[in-house]
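Residue numbers (our numbering), protein chains in the order written: chain A, 1 to 280; chain B, 1001 to 1362.
Cβ atoms here follow ideal geometry from the backbone N, Cα and C, with glycine treated the same way.
Everything numeric in this text was worked out from a predicted model, so none of it was measured.
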């Protein structure tokens, strides 16, 4: 279970708004790098509580789309409405404060910091102690520090790596670094979690574990926007799938619908193939 | 295959403990006890307080005074370069700001003789303001580019001191600066300065460690490690970087004002780029990002060249350069890097023991 966030000292989280609809609306978003249209007029709507997957072949623009939503790149055009607020153009840290967190396809943990410290960095935007609090070690600072530490530990045990809390992040095995990234992202108390290819480079068993972890996170009330390559993984876990190819959305629907969509099969496998789920 | 968890654990090689590991371990057990820490601190304090009584003559006390100034600065630079990862080659500029602040306000040059304590504070504040302002244009810069720009800042400040003749006395510098007076006591002898510096260094170490372990300190480290990821984790990196530069520059200003009072004479040549290089070497050699390591580095590089001073003066930078190259090649984490100790519950020989971490210098 993801520990509750109600006791956050910053208490900056307003009640979860807009039950369904209006949670995340991506409207006609484009990102062009010169003549290259990495993302071109993509639109979809994510409902709260969904696992929404964005799939597509290499270079389809999935990660670019993530970078636009989280404010890493300014968009060429379009709107991203999150909880009735357009987040395009906001600085990255403000977007995180609003409740959007992410993990990376290529792991980007803070290598030379301890596992615990990594997750505690995630609590930064939910705490407030400043320089003076640190220098004078005010009750506010110690209280927050204790809270942040406990919360980080809870999240570490949630992802199953709490026994490595004092280890340097770089010393963790690959699969654990992925989990650490998840814990760190959850520490920012997101309503929406963007997960970029969480199973890349994993063996089938690790993939299954990662998927069940994502499932648990969703069941605890965090909506998940997933970019994934592995069709079996996506089909098994997603509530809704959007398919990108060459920067444009070519299909959208339930896993079953997408699976039999001609355009999708063509984009992935070329003309004349039919998708057969593994093991069937 | 079915035992997935077991497989994963096996991926971490369990290494048998060598004699060296055992020694290190027992050291950690001893160091982990509260009383050993307190006792060694008391012994260290007594020793440091007694040093001026144990050494005859002023020469070595003066060397220690300079070492104290270097420690103050190295700790400040460590916050900027070690903690936040903003490598600066212009740090001595803030020392210059502090020095000139006191020199201008307490010397015959402008006929002003303000008391030391308020000017000391002012020097720190001004250095902090300069650190803040100078870091604004460098915000988007990283690595080599940041080094180049900070190097240029160093030169700008020095040349200003050089060329603003009516204000700063130009090349000839400022002479007959007042000896600082604290309440009714006038600091004159090297021993006086030794005790003042000892106090200042102790306070600074104490505060730096608090900062290091705080929420803000953690955020700085995250910026050093991966600025992009830090932003995505909700850190306002621009603000945090400005903050690091401002706070990190304050000790240089404080040290500078004391230096001006101690030497009673300053000139632009005190603030050449070489000094910035020396301070950065101290941080790098001692253990970038680790407060005790940086103190050790500063002591070492301030004291070690003394016995061979006659040769060292000529070849000083050559020697520093060689030391820096050797450390980068053979011990990039410095003499005394920050160590993360395995958790109490995690007994020796646990799965991760063999790879227990050291901070890699960048």
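Count the C-beta pairs between the region 139–152 of chain A and the region 220–233 of chain A that are closer than 8 Å, then say yes if the count reaches three, no if not. Flag = no, the region 139–152 of chain A and the region 220–233 of chain A do not touch.
Got a sec? Which residues, its chain only, sit under 8 Å from residue 93(A) by beta carbon, not counting five neighbours each side? Here residue 93(A) refers to the residue found at position 93 when the first chain is read from its first residue. Result list for residue 93(A): 125, in chain order.
Determine the closest residue to residue 245(A) out of 177(A), 58(A), 51(A), 183(A), with distance taken between C-alpha atoms. Mapped onto the first chain, residue 245(A) falls at position 245. With distances taken between Cα atoms, residue 245(A) lies closest to 58(A).
Which of the residues in the region 127–159 of chain A, read from start to end, lie with their CB under 8 Å from any CB of chain B? Cβ contacts with chain B come from 127, 129, 130, 131, 133, 134, 135, 137, 141, 144, 145, 148.
Would you call the CB atoms of residue 105(A) and residue 196(A) closer than 8 Å? Residue 105(A) sits at position 105 when you count from the first residue of the first chain. Residue 196(A) sits at position 196 when you count from the first residue of the first chain. Closer than 8 Å, so yes.
Is the separation between the beta-carbon of residue 45(A) and that of residue 25(A) shorter than 8 Å? To locate residue 45(A), count along the first chain from 1; it is residue 45. To locate residue 25(A), count along the first chain from 1; it is residue 25. Yes, they are a contact pair.
Terminal residues of the continuous alpha helix (DSSP H) containing residue 110(A)? As a working mapping, residue 110(A) is identified with position 110 in the first chain. Neither: residue 110(A) is in no alpha helix (DSSP H) and is coded neither H nor E.
Please list, in chain order, the chain B residues whose beta carbon lies closer than 9 Å to that of residue 125(A). Residue numbering aside, residue 125(A) sits at position 125 when the first chain is read from its first letter. Identification of chain B residues near residue 125(A) by a Cβ-Cβ cut-off of 9 Å yields 1233, 1234, 1235, 1236, ordered along the chain.
Alpha helix (DSSP H) runs wholly inside the region 114–149 of chain A, at least 4 long, in chain order: Whole alpha helix (DSSP H) segments, 4+ residues: 115–122, 131–136.
Going along the region 60–86 of chain A in order, which residues come within less than 9 Å of chain B, judged by CB to CB distance? The residues in question are 70, 71, 72.
Going along chain B, which residues have a C-beta under 7 Å from residue 215(A)? Stepping through the first chain from its first residue, residue 215(A) is reached at position 215. Scanning chain B for C-beta atoms nearer than 7 Å to the C-beta of residue 215(A) yields nothing, as the closest lies near 17 Å away.
Would you please verify whether the beta carbon of residue 1221(B) is less than 8 Å from any beta carbon of chain A? Position 221 of the second chain, counted from the first residue, corresponds to residue 1221(B). Interface residue, yes.
Where does residue 1113(B) sit, in a helix, a strand or coil, going by DSSP? As a first step, residue 1113(B) must be located in the second chain, where it is residue number 113. Shown here, residue 1113(B) sits in a strand according to DSSP, grouped into three states.
According to a CB-to-CB cut-off of less than 8 Å, which residues of the region 1128–1139 of chain B neighbour chain E? The chain labelled as chain E is not found among the protein chains of the depicted structure, namely A and B.
For residue 1325(B), count the other beta carbons within 10 Å of its own beta carbon; 16 or more makes it buried, fewer makes it exposed. Which is it? Reading the second chain from its first residue, position 325 is the one you call residue 1325(B). It is exposed - the Cβ of residue 1325(B) has fewer than 16 other Cβ atoms within 10 Å.
Could you list which residues in chain B have their beta carbon closer than 7 Å to that of residue 120(A), in chain order? Reading the first chain from its first residue, position 120 is the one you call residue 120(A). What residue 120(A) touches in chain B: 1218.
Along the chain, where does the beta strand (DSSP E) containing residue 45(A) start, and where does it finish? For the purposes of this step, residue 45(A) is identified with residue 45 of the first chain, where counting begins at 1. Segment 36–46, the beta strand (DSSP E) holding residue 45(A).
How big is the Cα-Cα spacing for residue 1215(B) and residue 1191(B)? If you number the second chain from 1, residue 1215(B) lands on position 215. If you number the second chain from 1, residue 1191(B) lands on position 191. C-alpha separation (whole angstroms): 38 Å.
Excluding sequence positions up to five away, which residues of its chain have a Cβ less than 6 Å from the Cβ of residue 191(A)? As a position in the first chain, residue 191(A) is number 191, starting the count at 1. Taken in chain order, the residues that qualify are 99.
At 3 residues or longer, and completely inside the region 1247–1322 of chain B: list those beta strand (DSSP E) runs for me, N to C. The beta strand (DSSP E) runs lying completely inside the region 1247–1322 of chain B and spanning 3 residues or more number zero.
Outcome for residue 1249(B) when other beta-carbon atoms lying within 10 angstroms are tallied against a minimum of 16: If you number the second chain from 1, residue 1249(B) lands on position 249. So residue 1249(B) ends up on the buried side.
Please list the partners that residue 184(A) has in chain B, where partner means a Cβ-to-Cβ separation under 9 Å. For the purposes of this step, residue 184(A) is taken as residue 184 along the first chain, with counting starting at 1. The answer, in chain order, is 1229, 1233.
Are the region 1077–1094 of chain B and the region 1148–1158 of chain B touching by the rule of at least three beta carbon pairs closer than 8 Å? They touch, by the three-pair rule.
Whether or not the region 147–158 of chain A and the region 170–190 of chain A are in contact is what I'm after, with contact meaning three or more pairs of Cβ atoms, one per stretch, closer than 8 Å; do they touch? Touching, yes, given that three or more Cβ pairs across the two stretches are closer than 8 Å.
Between which two residues does the beta strand (DSSP E) holding residue 245(A) run? Position 245 of the first chain, counted from the first residue, corresponds to residue 245(A). Where residue 245(A) is concerned, the enclosing beta strand (DSSP E) stretches over 240–245.
Which same chain residues, not among the five before or five after residue 7(A), have their C-beta less than 8 Å away from its C-beta? Taking the first residue of the first chain as 1, we reach residue 7(A) at position 7. Because the pLDDT at residue 7(A) is just 44, under 50, the model does not fix this residue reliably, and the point stays unresolved.
With 16 other CB atoms within 10 Å as the buried threshold, where does residue 1342(B) fall? The residue labelled residue 1342(B) in the question sits at position 342 within the second chain. Its pLDDT being 46, under 50, residue 1342(B) is placed unreliably by the model, and the measurement read from it follows with that caveat. Label assigned to residue 1342(B): buried.
Residues near residue 63(A) by beta carbon distance below 7 Å, same chain, minus five either side: For the purposes of this step, residue 63(A) is taken as the residue at position 63 of the first chain. Within the same chain, residue 63(A) has close Cβ partners 105, 196, 227.
First and last residue of the uninterrupted beta strand (DSSP E) at residue 81(A): Walking along the first chain from the start, residue 81(A) turns up at place 81. Per DSSP, residue 81(A) belongs to the beta strand (DSSP E) from 77–82.
When 55(A), 131(A), 180(A) are compared against residue 108(A), the one with the closest alpha-carbon: Looking up residue 108(A) in the first chain gives position 108. For the residues 55(A), 131(A), 180(A), the minimum Cα distance to residue 108(A) belongs to 180(A).
For a test of the three-state rule: what should DSSP assign to residue 161(A), helix, strand or coil? Taking the first residue of the first chain as 1, we reach residue 161(A) at position 161. Secondary structure at residue 161(A): coil, using DSSP grouped into helix, strand and coil.
Can you list the residues of chain B that residue 102(A) reaches, using a CB-CB cut of under 8 Å? Here residue 102(A) refers to the residue found at position 102 of the first chain. Within chain B, the residues near residue 102(A) are 1232.
Between residue 84(A) and residue 116(A), what straight-line distance do the alpha-carbon atoms span, to the nearest angstrom? As a working note, residue 84(A) is residue 84 in the first chain. As a working note, residue 116(A) is residue 116 in the first chain. CA-CA distance, residue 84(A) to residue 116(A), rounds to 34 Å.
What does a CB cutoff of less than 6 Å around residue 5(A) pick up in its chain, not counting 5 residues either side in sequence? As a working note, residue 5(A) is residue 5 in the first chain. Low confidence applies to residue 5(A): its pLDDT is 45, below 50, so where it sits in the model is not reliable, and the reading given next is rough at best. Contacts found: 189.
Excluding sequence positions up to five away, which residues of its chain have a Cβ less than 7 Å from the Cβ of residue 1182(B)? Translated into positions along the second chain, residue 1182(B) becomes position 182. Result list for residue 1182(B): 1116, 1117, in chain order.
Need the endpoints of the beta strand (DSSP E) that residue 1084(B) sits in, please. The count along the second chain starts at 1 and reaches residue 1084(B) at position 84. For residue 1084(B), no beta strand (DSSP E) run applies, since DSSP gives it neither H nor E.
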